[in-house]
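Numbering (full-length UniProt numbering) for the sequence shown: 1 to 452. In this text, a Cβ means the ideal position worked out from N, Cα and C, and glycines have one as well. Right, one structure below, let's go through it.
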Amino acid sequence: MDGPNDAAVVDILIPSTLELTYVRFPSQPSDVFRAYVSGHALPCYIWLESRVAQTQWWCCVKSMDDHVQGGVDAVKLPPDFVLESLERALRTLHANTTGNDGSMPSHAAVNCWAVRGDMVLVLTASDAPNHNAPNHTATYAFYLTARVLSLQGVLQARLRAVEEKLADHLQSHLQAPLNATRGRQPKVEPLVAAKVEPPQAPHRTRAATKRTAQPEASDDDDVTEVAPMPCPPRRRRKNELKAATSPRPRGSGAAGKKKAVNVPASQMPSTPPPMTISHPDLDAHLGLPTSPPPPDDLAWRHSLAQGSYVDCLDSLGHWNECIVASVKEDDVTLHFLGWCKSWDTTYARFSQSIQPLHSHSAKWRWQLRPGSVVEYCPSGEMAKLRAWKAAEVVATVASAQRPTRYVDSTLQHLGPDAAVELRVRGSLAGDKGSHKVDACSELICWPSTHLK
1 MDGPNDAAVV DILIPSTLEL TYVRFPSQPS DVFRAYVSGH ALPCYIWLES RVAQTQWWCC
61 VKSMDDHVQG GVDAVKLPPD FVLESLERAL RTLHANTTGN DGSMPSHAAV NCWAVRGDMV
121 LVLTASDAPN HNAPNHTATY AFYLTARVLS LQGVLQARLR AVEEKLADHL QSHLQAPLNA
181 TRGRQPKVEP LVAAKVEPPQ APHRTRAATK RTAQPEASDD DDVTEVAPMP CPPRRRRKNE
241 LKAATSPRPR GSGAAGKKKA VNVPASQMPS TPPPMTISHP DLDAHLGLPT SPPPPDDLAW
301 RHSLAQGSYV DCLDSLGHWN ECIVASVKED DVTLHFLGWC KSWDTTYARF SQSIQPLHSH
361 SAKWRWQLRP GSVVEYCPSG EMAKLRAWKA AEVVATVASA QRPTRYVDST LQHLGPDAAV
421 ELRVRGSLAG DKGSHKVDAC SELICWPSTH LK
């Protein structure tokens, strides 16, 4: 039976103004990332992919005020300048990773931290290059939510790695003979000279012809000039030239990509391997003595407790009604209404997949009226597909017991203490009578949730 987390979100195709394939962050020395930034204007998407674990994270930046650190007195820079600083800092990390000449700009520095499966991209930017005085420095933290890849997403990531690997090999194969011929790479000359020592000038004797492995000339042949023919083994020469003329960026090529290409999809880790730090360590890295007062969205996330109702984006890309089953520090375990406990999933409190109740999901329970069709599980065994039946609402009645109402909300049509009287459809139901069910019970679901 399909569940809310048994597949993955299809890759979001976002046009990007910045696309870097080799980015190594100082806090993640064992991993190399792909980095994408969609543009210089808000809203803006930031996307990262680990080249080792092939795990992806992304976030949508709608307002820079939601990401600035430092509380009420925090220094705020123009959004376009912040995005420009982020792009320059990422480009510098890309240049340092690939071995090209590049240094971190004095007015911007970026780093990435792993926090319980998600990533926090920390940018420190200064307006010194654009303004005379005074020098303002601001810190921004972007929470990137981990994305669960489907088989299609994993194949796409592996295909990208294979294409980049082939492109690197093709470029090095085409560039090596050209550089060796034109003498653009001085490293090739001592390597070839060590294997073959050609004569300095052509010889006019038949002995020289024999030394150069040419066919024996007859007595009637004239003496001709014979050019030297250095011929080491072709495969050895190809490998030597490739090694000498193809400088590899650190963490790339066969050594850096082999894990990303050869790891089976069934063994792909759900969380990246980099080290995990706690929030106090992150605050210390940001230079904050305590956690800053969060914006309204973060304040709502800090208020999440057991029994709170939220909307959650499952791995199929559908928004579901969920209830908080448990809370442990900054980890929130959600229970999907209408699904068994085996589908309970733990998210980070700051994950963008968690949103306020009915901000994305439909308020279908509000519109239940006589004649409405729902899915109903009379036995309560929600894990069994056969336990779900199609049922019709006969009437809306008052609930005999206190219903499991949503937090800070009431059923506008049915009333705060409403229930529905259901009649199971079909002769195979085994029960022709009606059933009284709480309108907010997870024993009723929207049609096509389980029954296709």
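(message) So, at 6 Å on beta carbons, what are the nonlocal neighbours of Q355 in its own chain, with the 5 sequence-adjacent residues on each side left out?
(response) Position 355 of the sequence shown holds residue 355. Around Q355: D311.
(request) Kindly list the residues whose CB is nearer than 6 Å to the CB of L93, restricted to its own chain and excluding five residues on each side of it in sequence; keep chain order. (result) Position 93 of the sequence shown, counted from the first residue, corresponds to residue 93. So the list reads V23, once near-sequence residues are dropped.
(request) Note down, in chain order, each residue of its chain lying with its Cβ closer than 8 Å to the Cβ of E84, except the 5 sequence neighbours on either side. (result) Here the question's residue 84 lines up with position 84 in the sequence shown. Only residues of its own chain outside the window of five on either side were considered, and among them H40 have a CB closer than 8 Å to the CB of E84, listed in chain order.
(message) So, with DSSP's three-state summary, where would you put F25?
(response) Translated into positions along the sequence shown, residue 25 becomes position 25. F25: coil per DSSP, three-state reduction.
(request) Could you spell out where the beta strand (DSSP E) holding A108 opens and where it closes? (result) Position 108 of the sequence shown, counting from 1, holds the residue named residue 108. Its beta strand (DSSP E) spans residues 108-115.
(request) Confirm, please, whether the CB-CB distance from L20 to P79 is below 8 Å. (result) Taking the sequence shown and counting its residues from 1, one reaches residue 79 at position 79. Taking the sequence shown and counting its residues from 1, one reaches residue 20 at position 20. No, Cβ-Cβ distance for P79 and L20 is not below 8 Å.
(message) I'd like the ranges of any alpha helix (DSSP H) spanning at least 4 consecutive residues and lying wholly in the segment 19-67.
(response) none
(message) For a test of the three-state rule: what should DSSP assign to residue 453, helix, strand or coil?
(response) Since the first residue of the chain shown is 1 and the last is 452, residue 453 is not available in this structure.
(request) Return helix, strand or coil for L90, following the three-state DSSP convention. (result) Here residue 90 refers to the residue found at position 90 of the sequence shown. Correct three-state label for L90: helix.
(request) Measure how close the beta-carbons of S434 and V394 come, nearest whole angstrom, since I'm counting them as under 8 Å. (result) Position 434 of the sequence shown, counted from the first residue, corresponds to residue 434. Position 394 of the sequence shown, counted from the first residue, corresponds to residue 394. Yes, S434 and V394 are in contact; Cβ-Cβ is about 6 Å, under 8 Å.
(request) Would you mind stating whether R349 and L304 have Cβ atoms separated by less than 8 Å? (result) Taking the first residue of the sequence shown as position 1, residue 349 is located at position 349. Taking the first residue of the sequence shown as position 1, residue 304 is located at position 304. Yes, they are a contact pair.
(request) Tell me whether the beta-carbon of S27 lies closer than 8 Å to the beta-carbon of C112. (result) On the sequence shown, position 27 is the one that residue 27 refers to. On the sequence shown, position 112 is the one that residue 112 refers to. Going by C-beta atoms, S27 is nearer than 8 Å to C112.
(message) Please return the same chain residues whose Cβ sits closer than 8 Å to the Cβ of V110, not counting the five positions on each side in sequence.
(response) Position 110 of the sequence shown, counted from the start, is the residue given in the question as residue 110. Within the same chain, V110 has close Cβ partners F25, L86, A89, L90, L93, L121, V122, L123, T124.
(request) Have a look at V397, E329, P378, E421 and flag the residue whose alpha-carbon is nearest the alpha-carbon of V115. (result) For the purposes of this step, residue 115 is taken as the residue at position 115 of the sequence shown. The shortest C-alpha separation from V115 is found at E329.
(message) Given a cut-off of 8 Å on the beta-carbon distance, is the pair L357 and D344 in contact?
(response) Numbered from 1 along the sequence shown, position 357 holds the residue referred to as residue 357. Numbered from 1 along the sequence shown, position 344 holds the residue referred to as residue 344. Cβ distance not < 8 Å, so L357 and D344 don't count as in contact.
(message) Please classify N100 as buried or exposed, where buried requires at least 16 neighbouring CB atoms within 10 angstroms.
(response) Against the sequence shown, residue 100 aligns to sequence position 100. With fewer than 16 Cβ atoms within 10 Å of its Cβ, N100 is classed as exposed.
(request) Whole angstroms is fine: what's the gap from W47's alpha carbon to S38's? (result) On the sequence shown, residue 47 is found 47 positions in, with the first residue counted as 1. On the sequence shown, residue 38 is found 38 positions in, with the first residue counted as 1. Going by the C-alpha atoms only, they are around 9 Å apart.
(request) Assign H360 to one of three DSSP states: helix, strand, or coil. (result) Within the sequence shown, numbered from 1, the residue matching residue 360 stands at position 360. Coil, per DSSP.
(message) Given this structure, state the Cα-to-Cα distance separating V420 from T346, to the nearest angstrom.
(response) In the sequence shown, counting from the first residue as 1, residue 420 sits at position 420. In the sequence shown, counting from the first residue as 1, residue 346 sits at position 346. Whole-angstrom Cα-Cα distance: 32 Å.
(message) Please state whether the Cβ-Cβ distance between L443 and G380 is less than 8 Å.
(response) The count along the sequence shown starts at 1 and reaches residue 443 at position 443. The count along the sequence shown starts at 1 and reaches residue 380 at position 380. Yes, the pair counts as a contact, with Cβ atoms nearer than the cut-off.
(request) Specify, as a first and last residue, the run of the beta strand (DSSP E) that H335 falls within. (result) Along the sequence shown, one-based indexing puts residue 335 at 335. H335 -> beta strand (DSSP E) spans 331-336.
(request) Compute the Euclidean distance between the alpha carbons of R301 and L18, then round it to the nearest angstrom. (result) Numbered from its first residue, the sequence shown carries residue 301 at position 301. Numbered from its first residue, the sequence shown carries residue 18 at position 18. Here the alpha carbon of R301 sits roughly 31 Å from the alpha carbon of L18.
(request) Determine the DSSP secondary structure at R369, reduced to helix, strand or coil. (result) Along the sequence shown, read from residue 1 onward, the residue named residue 369 stands at position 369. Coil at R369, not helix or strand.
(message) Taking only three categories from DSSP, how would you classify E392?
(response) The count along the sequence shown starts at 1 and reaches residue 392 at position 392. Correct three-state label for E392: strand.
(request) Kindly indicate which residue of N96, T137, H107, C59 has the alpha-carbon position closest to the one of D73. (result) What you label residue 73 is simply residue 73 of the sequence shown in a count that begins at 1. Comparing Cα positions, the closest option is T137.
(request) Given a cut-off of 8 Å, decide if T98 and D118 are closer than it, judged by their beta-carbon atoms. (result) The residue labelled residue 118 in the question sits at position 118 within the sequence shown. The residue labelled residue 98 in the question sits at position 98 within the sequence shown. The Cβ-Cβ distance between D118 and T98 does not fall below 8 Å.
(request) Locate the beta strand (DSSP E) running through L443, then write down its first and last residues. (result) As a first step, residue 443 is located in the sequence shown; it is residue number 443 there, counting from the start. Judged by DSSP secondary structure, L443 falls outside any beta strand (DSSP E); it is assigned neither H nor E.
(request) Use the C-beta contact count for R386: other C-beta atoms within 10 angstroms, 16 or more gives buried, fewer gives exposed. (result) For this step, residue 386 is matched to residue 386 along the sequence shown. Around the beta-carbon of R386, fewer than 16 other beta-carbon atoms lie within 10 Å, marking it exposed.
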